[in-house]
Structures are given as C-alpha cells and as structure tokens.
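As structure tokens, the structure follows; a few thoughts come after it.
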Amino acid sequence: MVGVLSGMFGKPEPESGSMVLQWAEKKRKELLLQHENKMTLEVMFAGFIDAVSTFAKPSPSQFPQLEPFDMILGSQADWANDSALFELGCYVYFRVEVWLFANRPHLREQVVRYFLPNFIALFVHALQITNDYDLADLVYERIGKYGELIRSGAETEEYEYHLFHLIYRTRENRKPQHYGFESGHFSPGNPASWASLNFNLATKLWTWEANMLPAILKSIEFATDTLQRQSTDKDIT
C-alpha cells in the first residue's frame with residue numbers, strides 16, 4: 016500500500032497526548048505493513064483523520080512576543096487536544112461531504128456510510144463518552160448547522176467564526192457540548208472582533224485551514240479517483 020499511502024499521509028511526527036493523533040500514527044504504520052497497493056475506504060478514512068490530527072501537533076508561535084502571557088491568553092498547546100480535533104473533524108468532514116456532493120455524487124453515500132460511524136466510534140473512545148448516541152447527536156448537530164449556513168449563502172468567514180468558538184470552548188480538552196449557531200454576534204468583514212479572544216488560537220486555526228483544507232480535499236479527489244479506477248479495472252477483468 017506504499018504507493019497509495021504516499022498520496023494520503025504526511026510524514027510521521029512525534030507522539031503527543033492526543034489519543035486521536037496516536038491512533039492516526041498507529042494506523043499509518045499498520046497500513047504500511049500490509050504492502051497492498053490498493054485504495055480502500057479504510058485507507059481514505061485513516062488519511063482523513065491523519066490530516067485532521069495535525070492540528071494537535073506543535074507549531075511555532077506566530078506571536079512570540081505574546082508568549083509571556085500564555086498563562087492568561089492560552090497557548091496553542093491548550094487546544095492541541097481530542098475535543099478540538101472533534102470540532103475540527105466535524106467541520107472538515109462537512110467540507111468533504113460538500114465536495115463529494117458536488118464532484119463525486121455517486122460515491123458520496125458509500126463514503127458517508129463508512130466515515131460517520133467510524134468517526135463517532137473513534138471520538139467516543141478518545142473523549143471517553145459513555146453513550147455513543149450523545150456524541151452522535153453532537154456530530155449530526157454540527158453537520159446540520161453547517162449545512163444550514165451553506166444553504167443560507169454564508170461566507171467562509173462565518174463558518175470560521177463558529178469553528179473558532181467551538182474550538183475555543185475545548186481549552187484543556189473540555190468535552191464538546193451543544194452549541195447554538197445563531198449569528199447574532201457575527202460581524203462580517205471584521206474577524207478581529209472575535210479573533211481577539213485569542214490570537215494564538217485564531218492564528219493557528221487560520222494557518223491550518225489555509226494549508227491543510229485544500230490538501231485534504233485534494234487527497235479525497237486522489238482517493239476517489241483511485242477507487243473509481245480500481246472499480247473500472249475490476250469490471251474489465
């Protein structure tokens with residue numbers, strides 16, 4: 016699977032306290048050892064989680080002058096946790112599903128049926144949630160609310176506003192809770208009005224989204240192209 020995995024995974028990184036990050040690294044090694052040059056939904060999902068989990072990896076502060084105030088403001092490490100990865104994962108999954116709807120509608124249901132239950136199971140374990148349905152309810156709430164935003168014609172900035180606040184609430188791995196997506200305090204064209212809550216987190220999130228989200232969607236394109244090609248080759252033989 017080395018050829019396929021090179022298109023889905025990045026380079027190995029040191030372990031952190033995130034169970035999801037450690038799961039992604041373990042799954043990477045497990046799939047590499049299989050030595051099968053084949054795309055599967057398991058590989059696709061593992062690549063998705065591997066990419067999302069990079070948010071929990073250390074990155075240099077873009078505001079070193081503020082580091083003495085990290086005890087008050089919160090450092091980037093305060094959000095390098097599984098609760099933050101849950102919120103980010105819900106958002107990125109939503110973006111992936113929108114991409115599938117627009118570009119691979121015939122594969123969307125197949126991917127959704129694999130991704131959602133495995134996503135929920137992974138985070139139930141990582142967040143030590145006692146009831147699977149409680150977490151599933153939050154997942155569908157997030158996806159549904161992001162869907163309402165897209166149907167209302169919301170700009171990307173509004174998604175970022177809600178994602179920022181959802182992740183902001185997970186500081187020091189506080190478990191996800193229900194969240195109202197009402198936009199009464201959202202100010203279009205003025206991200207500083209909410210990013211000022213924590214520049215460390217805002218910068219980390221903006222940087223991650225600008226670099227990683229296009230790469231994730233590109234990897235989904237690569238994966239679905241490979242799935243389609245494998246299906247065609249199988250039909251021919």
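Residue numbering for the sequence shown follows this note's numbering, beginning at 16 and increasing consecutively.
Every residue, glycine too, gets a C-beta built ideally from N, C-alpha and C.
- Leucine 142 sits in coil when the DSSP states are folded into three classes, being neither helix nor strand.
- Nearest Cα to glycine 32 within the set Ala238, Glu187, Ser246 and Asn213: Glu187.
- By the Cβ criterion, the stretch 57–71 is in contact with the stretch 93–110, since at least three pairs of Cβ atoms, one from each stretch, lie closer than 8 Å.
- Taken atom to atom, the span from the alpha-carbon of phenylalanine 109 to that of isoleucine 231 is near 12 Å.
- Judged by DSSP in its simplified three-state form, glutamine 192 adopts coil rather than helix or strand.
- Setting aside the 5 residues that flank it on each side, asparagine 133 is surrounded in the same chain by Phe60, each with a C-beta closer than 6 Å to its C-beta; the list follows chain order.
- At a Cβ-Cβ threshold of 8 Å, leucine 220 and leucine 178 count as neighbours.
- Under the 10 Å beta carbon count, proline 191 is surrounded by 16 or more other beta carbons and is classified as buried.
- Remark: C-beta atoms of valine 126 and leucine 56 approach each other more closely than 8 Å.
- Assignment of alpha helix (DSSP H) within the stretch 116–186, counting only whole runs of 4 or more residues, yields 120–141, 147–166 and 171–183 in chain order.
- Residue Tyr155 holds the alpha-carbon nearest to the alpha-carbon of phenylalanine 130 among His193, Tyr155 and Thr145.
- At the C-beta level, serine 98 and leucine 36 stay beyond 8 Å of one another.
- Check the Cα spacing between arginine 189 and each of Arg43, Trp38 and Leu100: the tightest is with Leu100.
- Between the alpha carbons of leucine 150 and leucine 164 lies a distance of about 21 Å.
- Ranked by Cα distance from valine 58, the options Thr239, Thr247 and Asn226 are led by Thr239.
- Going by beta carbons, isoleucine 158 and cysteine 105 fall inside the 8 Å limit.
- In this structure, the CA atom of leucine 181 is about 6 Å from the CA atom of glutamate 102.
- For alanine 61, the secondary structure class from DSSP, reduced to helix, strand or coil, is helix.
- Tryptophan 114 and isoleucine 235 do touch by the CB rule: their CB atoms are close to 6 Å apart, below 8 Å.
- Distance from leucine 122 to leucine 242 at the Cβ level is roughly 7 Å; contact confirmed, criterion being Cβ atoms closer than 8 Å.
- DSSP places asparagine 96 outside both helix and strand once states are collapsed to three, so it counts as coil.
- Membership of glutamate 45 in the alpha helix (DSSP H) is indicated by the continuous run 34–49.
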